[in-house]
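If you read the sequence shown in our numbering, its first letter stands for residue 203, the second for the next number, and so on. Cβ atoms here follow ideal geometry from the backbone N, Cα and C, with glycine treated the same way. This one's a predicted model, so the numbers in the text were calculated from it and none came from an experiment. Here the structure comes first, spelled out in structure tokens, and everything after it is commentary.
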Amino acid sequence: MILQFFSSTLRMTTPLGFAALGGIYSERSGIINIALEGMMLIGAYGYVVGASATESAWIGLCVGIGFGIFIAILFAVATITFHGEHIVTGIAFNLITFGVTKYIIPSQERIPGLPEIGLPILGSFSILVYLLPLLMITSHIMLFKTPWGLRLRAAGESMEALKTLSLSRAKWQYLGLILSGILASIGGCFLISDNHYFTERIIGGRGYVALAAVIFGNWKPFSAVAASLLFGFSIVIGLANQWGIPIQLIESLPYVLTMVVLAGLVGKSRPPAALGRMET
């Protein structure tokens, strides 16, 4: 029972962790990314389109990532090039992706999943479950141990520092959003690969929960993935529901926990200094 609970927690954590890492890249570059929900959804949709057309999970993953990059570039054009307000634009993109995936429903046949690797006792997991900790470590090194990461973080911390080095803030923000689109769409692809079906509500607010994990984790990869693990654990508790609690209350648990966590962090977490600021 405990091992099954842990196994389910890993599965619930994985899509949140990918989206949270994506959120870190965009927010460290100064872009508030409410659109994580839409990026996950369009990635999941792309996976279905690619995998259904070719019967190849790998092609589905590539198409899903391609869709994620496309929506990230559109979001970047709206917020960086045309100076759209980040939160309003992000919500608009979420609604657009929901509308597209709702009214252009792909095949409902069983969708092939990515290869799984077995672990003793715990069972088999998608290859993406093992990829998450590797990307977490890689992201930490890239962001905090390399000149590349220093420049990306400077876009979200000090516009003046980039100008001093004659670097384009927009370029680094575009890069941050593209990486965000890639990672968030992989999170969406995982949901399809793991469940083998698609519905327009399959993301179920995970993009917003991932953004909460970014804030809870203080915009750091290790902490954000740990926060994703906490939220994944709360989702599993909701799915277990062995205590006779009304299902409506149980299903709201992850979101209630999200609000409690964010309320407790008011005034304590330190976002990037130039997060949400636009160049004039």
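Quiz item: Would you say the segment 417 to 424 touches the segment 336 to 345, given that touching needs at least three Cβ pairs under 8 Å?
Solution: With the cut-off at 8 Å, the segment 417 to 424 and the segment 336 to 345 touch.
Quiz item: From this set, M480, E311, T283, which residue's C-alpha is nearest I394's C-alpha?
Solution: Of the candidates M480, E311, T283, the one whose C-alpha sits nearest the C-alpha of I394 is E311.
Quiz prompt | G419 - partner residues in DSSP beta bridges | solution = In DSSP, G419 forms no bridge with anything.
Quiz item: Can you give the beta carbon distance from A237 to F284, rounded, assuming they're within the 8 Å contact cut?
Solution: The Cβ separation is near 15 Å, so there is no contact.
Quiz item: What is the DSSP secondary structure of F327, counted as helix, strand or coil?
Solution: DSSP places F327 in strand when its eight states are reduced to three.
Exercise. Pick out whichever of H398, G389, G270, A280 has its Cα sitting closest to the Cα of V411.
Key: Comparing Cα-Cα distances from V411 to each of H398, G389, G270, A280, the minimum goes to G389.
Quiz item: Assuming I329 and I313 make a contact with CB atoms under 8 Å, what is their CB distance in whole Å?
Solution: So it is not a contact: roughly 16 Å between Cβ atoms.
Exercise. Compute the distance between the beta-carbons of T299 and T291, then report whether it is under 8 Å.
Key: In this structure, T291 does not lie closer than 8 Å to T299 by Cβ.
Quiz prompt | DSSP bridge partner residues for E402 (one or two, in chain order) | solution = Partner(s): none; E402 has no beta bridge.
Quiz item: To the nearest angstrom, how far is it from the Cα of Y305 to the Cα of P322?
Solution: Distance between the alpha carbons of Y305 and P322 is about 42 Å.
Self-check item: Opening and closing residue of the beta strand (DSSP E) in which E318 lies
Solution: From DSSP, the beta strand (DSSP E) with E318 extends over 318 to 321.
Quiz item: Alpha carbon to alpha carbon, how far is G378 from A475?
Solution: Looking at the two C-alpha atoms, the distance is approximately 16 Å.
Practice problem: Name the residue from I404, S370, C264 whose alpha carbon lies nearest to the alpha carbon of I384. | Solution: It is C264.
Self-check item: Option in T401, V427, E402, G252 with minimal Cα separation from L333
Solution: The shortest C-alpha separation from L333 is found at V427.
Self-check item: Rounded straight-line distance, which links the Cα of A429 to that of F435
Solution: F435 and A429: Cα-Cα distance of roughly 10 Å.
Quiz prompt | Opening and closing residue of the alpha helix (DSSP H) in which F284 lies | solution = From DSSP, F284 is part of no alpha helix (DSSP H); its letter is neither H nor E.
Quiz item: When DSSP labels each residue in this structure, what does A237 get in the three-state scheme?
Solution: Collapsing the DSSP output to three states places A237 in coil.
Quiz item: With distances taken from CA atoms, which of N397, R403, F277 is nearest L316?
Solution: Checking every option, the nearest Cα to that of L316 belongs to N397.
Practice problem: Report yes or no: do the segment 351 to 362 and the segment 247 to 254 share at least 3 C-beta pairs separated by less than 8 Å? | Solution: Contact fails: fewer than three Cβ-Cβ distances are below 8 Å.
Practice problem: May I ask you to report which of helix, strand or coil DSSP gives R355? | Solution: In this structure, R355 counts as helix in the three-state DSSP scheme.
Practice problem: Answer with buried or exposed for A399, where buried requires no fewer than 16 other C-beta atoms within 10 angstroms of its C-beta. | Solution: Before going further, note that residue 399 is Tyr rather than Ala in the sequence given. Exposed, because fewer than 16 other Cβ atoms sit within 10 Å of the Cβ of Y399.
Quiz item: With distances taken from CA atoms, which of M242, S382, E402 is nearest I234?
Solution: It is S382 whose Cα lies nearest to the Cα of I234.
Quiz prompt | Beta-carbon contacts of G240 that lie in its chain and below 6 Å, excluding the five residues immediately before and after | solution = Taken in chain order, the residues that qualify are F295, N296, T299.
Practice problem: Please state whether DSSP places I313 in a helix, a strand or coil. | Solution: I313: coil per DSSP, three-state reduction.
Quiz prompt | When G245, F207, M214, V331 are compared against G262, the one with the closest alpha-carbon | solution = Checking every option, the nearest Cα to that of G262 belongs to G245.
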